[in-house]
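First up is the structure itself, then whatever we jot down about it.
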Amino acid sequence: NCSTDLERGRDHHPYTTLTEVFEDNGCTRIDDIARLSGDAIKAMAEAKGVYANVGLINRICAYAIADVATVQRTGRLPLN
């Protein structure tokens, strides 16, 4: 969970604001998010009436890509 992770959560970004956006668009796995562009995430959020700033979107994209790489390397997501 990005919000409770020591490093990812330190600035208290509202990561969970995008949870419903991802769920409603069938993004149920971290690799689904890793395949999305920042513009796609912003458009999906706007369509749901959710505001997501560029900083939040960039972090989510970067974390998703890093987490997919971790899963590919170790076979599981890192524990918080």
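The numbering used here puts the sequence shown at residues 10 to 89. Virtual Cβ for every residue (Gly too), placed ideally from N, Cα, C. Since we're looking at a predicted model, the values are computed, not measured.
Between which two residues does the alpha helix (DSSP H) harbouring residue i extend?
i	result
G35	It is not in any alpha helix (DSSP H) - G35 carries neither H nor E in the DSSP assignment.
Which residues in the same chain have their Cβ closer than 6 Å to the Cβ of residue i, if we skip the five residues on either side of it in sequence?
i	result
V30	M53, A54, K57 and V59
What is the DSSP secondary structure of residue i, reduced to helix, strand or coil?
i	result
R85	coil
C70	helix
V30	helix
V77	helix
Report yes if the C-beta distance between residue i and residue j is below 7 Å; otherwise report no.
i	j	result
V80	L86	yes
I50	A73	no
G84	I66	no
Short of 7 Å in beta carbon distance, which residues of its chain neighbour residue i, apart from the five on each side in sequence? Order them along the chain.
i	result
T26	V59 and A61
N34	M53
Under the criterion of a Cβ to heavy atom distance below 6 Å, does residue i qualify as lining the ligand GTP?
i	result
A71	The ligand GTP is not among the ligands present in this structure, which contains no ligands whatsoever.
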